[in-house]
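K.L.:
Would you mind keeping the following structure in view while I ask a few things?
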Amino acid sequence: MDDVSPLLPRKPAHPSMLVLGLAVAALLLSLFLILRAISVHELWQALVAPDPGNPRHIDLRDATLPRLVLSLLCGTALGLAGAIFQQVLQNPMAEPATLGISPAAYLAVSLASIWVPNLVAGEREVVALLGGVLAMLTVLGLAWRARLSPIAVTLAGLIVGLYCSSFNTALILFEDGPRTLSLWGSGSLDVQDWQAVWWLGPQLIVISLAAVSLRRPLNLLHLGEAGALGLGLSLRRTRLIALGLAVALSVAVVSAVGVMSFIGLAAPALARLAGARTLGQRLFWSATLGAALLWLSDELVKASSILMPPIPTGAASALLGAPLLFWLLPRLRSPIHRSISAVSHRRYPHPSVPLGMMLLLTMLAMAASLALGKGIGGWRWSNGEEFQALAYWRLPRLEAAMAAGAMLAVAGSLLQRLTGNPMASPEVLGVSTGASFGVLAFACVAPSMTLPSLLVAASIGAILSLGLILFLGRRSDFAPDQLLLAGVTLSMAFSGLQSAVLTSGNPRLFGILGWLSGSTYLVQKPMALSACLAAAILIGAAALSRRWLDILPLGSVTARGLGVRLDVSRSAIILVASLLTAVATLIVGPFSFVGLMGPHIVRQWGLRRPLWHLIGSGVFGSLLMVIADWLGRVSLFPNQMPAGLIATLVGGLYLIISLARRSA
Amino acid sequence: MKSTFQSSPRLREAVSRRSFLAALTGTALSNLPLAAIAAAQKSPNPLRIAALDWGLAATVLSLGIEPVGVPAINFYNRYVVDPVMPVSVVDVGLLFTPNFELLYELAPDLILITPGLMPARASLDRIGPLMVLDIAPRSGDPFKQAKAETLRLARAIDRDATATALLDDTTRVIELGRQKLQHAYDHRPVFLINVIDDRHIRIFGAETLYQDVLQSIGLTNAWQGRSSPLPLGPDALLGVPEARIIVISSVAEQVTGQALIASPFWRALPNVRAGRVHRLEPVLDSGGISSARRFAALLSEALLASEPTHG
């Protein structure tokens, strides 16, 4: 089965025209930028006989030119890696970043910098390779049971990538080494010498030659296992070797210039669109288009830095890549459809039993969180006067965290019912990300930030993103995995934006970054009370829609037959879910995964009817956040970990495990 | 070395510090309760000060008081170095998220914060009287302001004499450097930079503590205008090839910075090829008066030591 066939163009043009167009644009821009600094006459002199004493000559020879060559090399490597990944996995969305390889390689280097500072290029690459291979194995392992279906692989890859980025954010908050690396990690082609070029060039040549020699067996992959065996080929070995080569290419790029997404995705897609048909053509034109694309992107970034603060090339490419991913999404075929209403044969106790237990647990956790903490002498259980005094700080953050957890979990429950998809949640569908987009956009333009205005911005962002995701989902009739992919794509674009903010040096946006990681540190009584109030009202509204929630998962035909107005009911649920997410995101940041875990776990405990599920999710969500907030308070005492970040690290792990257990 | 100001916990309990604190909190919302603090000074127990910023901690130490709590002390030891932080001082968490509970337990008589911590003001107010000191403004006259704020703090905690001595000593160190450099230095302008990673540097310009000290010591900055808010490539140094480059040590250097120093581009810089690069031990630009003094001493020492080879 060839998944990529829908991408064939209606009117084939030759790829060389496309490459030429991009390259000419890049060249003109390069010349324009070079000639801003140096005259034509001097340019010639600098190229032929550079004067080591002339700074402009040094700049041209040791900064401008190597950067240009490096962009070509990295673009080639990424384009080639993307084409190999896409061929081996038969998946038009595979590339180093969506497969989680580059974020994992970055995380590995980041972690290494804590214990072994001052890695030289070669060592850095070994560490990066280790991270990249681990990520590839994890992703393949997660998607193994789904027979490495494109969607399963991409979903696993995006989640692994997102997890690695979150982990890295945590490191940046606390460690000097990773913070130092953040400029490099966000994808910077800024160089002042030819070292990176000499380092990357030979590797690229060797790997490309190996890839070309694999062209014939690779070409037979789409024949399927049986067909290839008939020709005397071991598909498995070919696949493994090819994947290994592509991972090596991706990792070499990461260790030289950091994470660059989008190129590995766009180049092969454009090559196919422009009429590259055979594998040989596709490999060649993907590599060339990759080079041209990255060259042009980098020149654009350089040109834009005349007018505004420079953004890392990698961050720019992540932002450019998101629309392309969205465009490719509907073209993916989804083999697996599963429904939330699948009948379970297990017998469960009455829902009030697990619910009662959860309530009891939550109460115990609250008491423990309020009384148990660390002090100068270590662990301490406070009571009496001390308890009351400490409650001034402990109680508001606890309340706010609980309200946020409950709201996220209830939003998750709503979304899972609405889409009939057990993996849907505000975080995975990108609704939380949308809320953060809103806040970040608002922070860039608004003179001052007050809580109500932030709330409005977050709500608008959440509603828009959920609307977009559901619109895209409707086209594939809410095929579960399409929805998830759209959401995770949105989150990936956002992490590009976030790293642009991280390196922009704008102190006001830096404050936002602390919030993005979900800190309950500054929560005070008024905010805690507003959060609880909002939670009560919105969860109440959600409960009112329980009849709709019962009927919607049965499908649109049944629902209409039962007299439910689809547009009204869906819009109402979308609105409530968006508002729940917006308020919660303001407290614990966008990536907590509580909205996924809560509903998921309570359903396994037998809370399946809509109202029970809703309430159970809410209780469980607040229990999770009580624990996350407490862990954030004590785990690195006296330092404070943002509760949202703890929830991400725990929740992300849960997401990966539950993905692995999803049987095919 | 134990400071004579440190008291034992038992002594503190004896004067019932809690009741003293209660008296303070009543006036905390106005400005600093000077009378109350003066009263504390007269008691046999010295002030328990939490200094929630490295520059403020350095200032408190150089006024002869050992603070009870300072955030991220390992960073202080790497960036500020001087004055030395006694090991008995409690680490109260990260710079912008000091641990409220720990601070409460430390029960300081006075909490010093920078304007950057104002968002946490309400929570800190519960713990003890607050004093906001801006010893490292991002613009204006940092050195002058650091002096004024140091004096203001000294007045509040009854250390006027120590503060005056500190300022005099700083002036003396700067003047000494100026005199020596006047005769022995070739008066080339200098770049003041930090290495950020293997490809980026930060250049310090006008309206920084470094620049103010540089001027007082009679030197000119090769970088025109204010510091760049964003990391720059070393090509930014190409503008003034005759300048000297002063690399102020940073932690980043230990991670990747040596790669920058080893890179061909760096070595091709005219200043570097002529050996006009000097490295300074770490010194914090937001570290207040004691850092200004340290910077003046390190700078004149580095420039004087290298001078004979480039006469």
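Which chain is which? The protein sequence lines are Z and R, in order.
Just so we're aligned: the first sequence equals residues 1 to 664 in the numbering used here.
Just so we're aligned: the second sequence equals residues 1001 to 1311 in the numbering used here.
Heads up, the beta-carbon is just placed ideally off N, CA and C, and yes, glycines get one too.
Could you name the residues of the same chain whose beta carbon sits closer than 6 Å to that of residue 171 of chain Z, not counting the 5 residues immediately before and after it, in chain order?
P.N.:
Contacts found: 110 and 178.
K.L.:
Which of helix, strand or coil does DSSP assign to residue 336 of chain Z?
P.N.:
Low per-residue confidence applies at residue 336 of chain Z: pLDDT is 43, beneath 50, and the placement is therefore not dependable enough to give any value.
K.L.:
Which residue's Cα is closest to the Cα of residue 494 of chain Z: Z:434, Z:257, Z:537 and Z:403?
P.N.:
Nearest option by C-alpha distance: Z:434.
K.L.:
So, is the C-beta of residue 63 of chain Z closer than 8 Å to a C-beta in chain R?
P.N.:
Yes, because at least one Cβ of chain R sits closer than 8 Å to the Cβ of residue 63 of chain Z.
K.L.:
In chain Z, what lies closer than 8 Å to residue 1099 of chain R by C-beta?
P.N.:
637, 638, 639 and 640, listed in chain order.
K.L.:
Grab me the residues of residue 1303 of chain R's own chain with a C-beta within less than 7 Å of its C-beta, minus the 5 sequence neighbours each way, in chain order.
P.N.:
Contacts found: 1181, 1185 and 1278.
K.L.:
Are the beta-carbon atoms belonging to residue 424 of chain Z and residue 580 of chain Z less than 8 Å from one another?
P.N.:
No, the pair does not count as a contact, with Cβ atoms beyond the cut-off.
K.L.:
Tell me which same chain residues have a C-beta within less than 8 Å of the C-beta of residue 455 of chain Z, skipping the five on either side of it?
P.N.:
Closer than 8 Å at Cβ, skipping near neighbours: 582, 583 and 586.
K.L.:
Tell me the DSSP secondary structure of residue 593 of chain Z in three-state form.
P.N.:
Residue 593 of chain Z falls in the coil class under three-state DSSP.
K.L.:
Can the beta-carbon of residue 1143 of chain R be found less than 8 Å from the beta-carbon of residue 58 of chain Z?
P.N.:
Not in contact: residue 1143 of chain R and residue 58 of chain Z (Cβ atoms no closer than 8 Å).
K.L.:
Of all Cβ atoms in chain R, is any one closer than 8 Å to the Cβ of residue 375 of chain Z?
P.N.:
Closer than 8 Å: yes.
K.L.:
I need the straight-line Cα distance from residue 452 of chain Z to residue 122 of chain Z, nearest angstrom please.
P.N.:
Their backbone Cα atoms lie some 51 Å apart in a straight line.
K.L.:
Cα separation between residue 1106 of chain R and residue 1051 of chain R?
P.N.:
Between residue 1106 of chain R and residue 1051 of chain R, the C-alpha separation is close to 12 Å.
K.L.:
Keeping to the same chain, check which residues put their C-beta closer than 7 Å to that of residue 16 of chain Z; ignore five residues upstream and five downstream.
P.N.:
Hits under 7 Å: none found.
K.L.:
Entirely within the segment 257 to 282 of chain Z and at least 4 residues each: give me those alpha helix (DSSP H) ranges in chain order.
P.N.:
263 to 273, all fully within the segment 257 to 282 of chain Z.
K.L.:
Show which residues of chain R have a CB atom less than 9 Å away from the CB atom of residue 183 of chain Z.
P.N.:
Those within 9 Å of residue 183 of chain Z in chain R are 1196, 1197, 1199, 1200 and 1231.
K.L.:
So which residues of chain Z does residue 1104 of chain R contact, with C-beta pairs closer than 8 Å?
P.N.:
Neighbours of residue 1104 of chain R on chain Z, chain order: 389, 390 and 393.
K.L.:
Measuring only between beta-carbons, confirm whether residue 521 of chain Z sits less than 8 Å from chain R.
P.N.:
It does: the Cβ of residue 521 of chain Z has a partner Cβ on chain R nearer than 8 Å.
K.L.:
Under 7 Å Cβ-Cβ, which residues of chain R neighbour residue 193 of chain Z?
P.N.:
Going along chain R in sequence order, the residues near residue 193 of chain Z (Cβ under 7 Å) are 1263, 1264 and 1265.
K.L.:
Using the Cβ count rule (16 or more neighbours within 10 Å means buried), how would you classify residue 388 of chain Z?
P.N.:
Exposed is the call here.
K.L.:
Mind listing the chain R neighbours of residue 59 of chain Z? Cutoff is C-beta to C-beta under 7 Å, in chain order.
P.N.:
Residues of chain R passing the Cβ test: 1235 and 1238.
K.L.:
Closest by CA to residue 141 of chain Z, which one among Z:129, Z:99 and Z:354?
P.N.:
It is Z:99.
K.L.:
Assuming residue 218 of chain Z is part of the alpha helix (DSSP H), what are its boundary residues?
P.N.:
Residue 218 of chain Z -> alpha helix (DSSP H) spans 215 to 219.
K.L.:
Consider the Cβ of residue 203 of chain Z: report whether some Cβ of chain R lies at a distance smaller than 8 Å.
P.N.:
For residue 203 of chain Z, the answer is no, since every Cβ of chain R falls outside 8 Å of its Cβ.
K.L.:
Closest to residue 428 of chain Z by C-alpha separation, out of Z:39, Z:160, Z:19 and Z:46, would be which residue?
P.N.:
Taking only the C-alpha atoms, the option nearest residue 428 of chain Z is Z:160.
K.L.:
Would you mind telling me which residues of chain Z sit closer than 7 Å to residue 1126 of chain R, beta carbon to beta carbon, in chain order?
P.N.:
What residue 1126 of chain R touches in chain Z: 392.
K.L.:
Under three-state DSSP, which class holds residue 1157 of chain R?
P.N.:
Here residue 1157 of chain R sits in coil by DSSP.
K.L.:
For residue 1100 of chain R, which of R:1070, R:1232 and R:1079 has the nearest alpha-carbon?
P.N.:
Closest option to residue 1100 of chain R, Cα to Cα, is R:1070.
K.L.:
I'd like to know whether the C-beta atoms of residue 1227 of chain R and residue 1246 of chain R end up nearer to each other than 8 Å.
P.N.:
Cβ atoms of residue 1227 of chain R and residue 1246 of chain R: not closer than 8 Å.
K.L.:
In this structure, does DSSP put residue 1278 of chain R in helix, strand or coil?
P.N.:
Three-state DSSP puts residue 1278 of chain R in a strand.
K.L.:
Determine the extent of the alpha helix (DSSP H) in which residue 534 of chain Z is found, giving its start and end residues.
P.N.:
Element bounds for residue 534 of chain Z: 525 to 544.
K.L.:
Give the single residue among Z:188, Z:629, Z:88 and Z:94 whose Cα lies nearest to the Cα of residue 70 of chain Z.
P.N.:
Out of Z:188, Z:629, Z:88 and Z:94, Z:188 has the C-alpha closest to the C-alpha of residue 70 of chain Z.
K.L.:
Taking only beta-carbon positions, decide if residue 1014 of chain R is within less than 8 Å of chain Z.
P.N.:
Bear in mind that a pLDDT of 35 at residue 1014 of chain R, under 50, signals an unreliable position, so the model cannot answer this.
K.L.:
What is the rounded straight-line gap between the Cα of residue 1151 of chain R and the Cα of residue 191 of chain Z?
P.N.:
Spanning the two alpha carbons is a distance of roughly 46 Å.
K.L.:
If we cut at 8 Å on Cβ distances, does residue 1088 of chain R have a partner in chain Z?
P.N.:
Residue 1088 of chain R does not count as touching chain Z.
K.L.:
For a test of the three-state rule: what should DSSP assign to residue 342 of chain Z, helix, strand or coil?
P.N.:
Any reading at residue 342 of chain Z must be qualified, since the residue scores a pLDDT of 43, below 50, and its modelled position is unreliable; the value itself is stated next. The answer is coil: DSSP assigns residue 342 of chain Z none of H, G, I, E or B.
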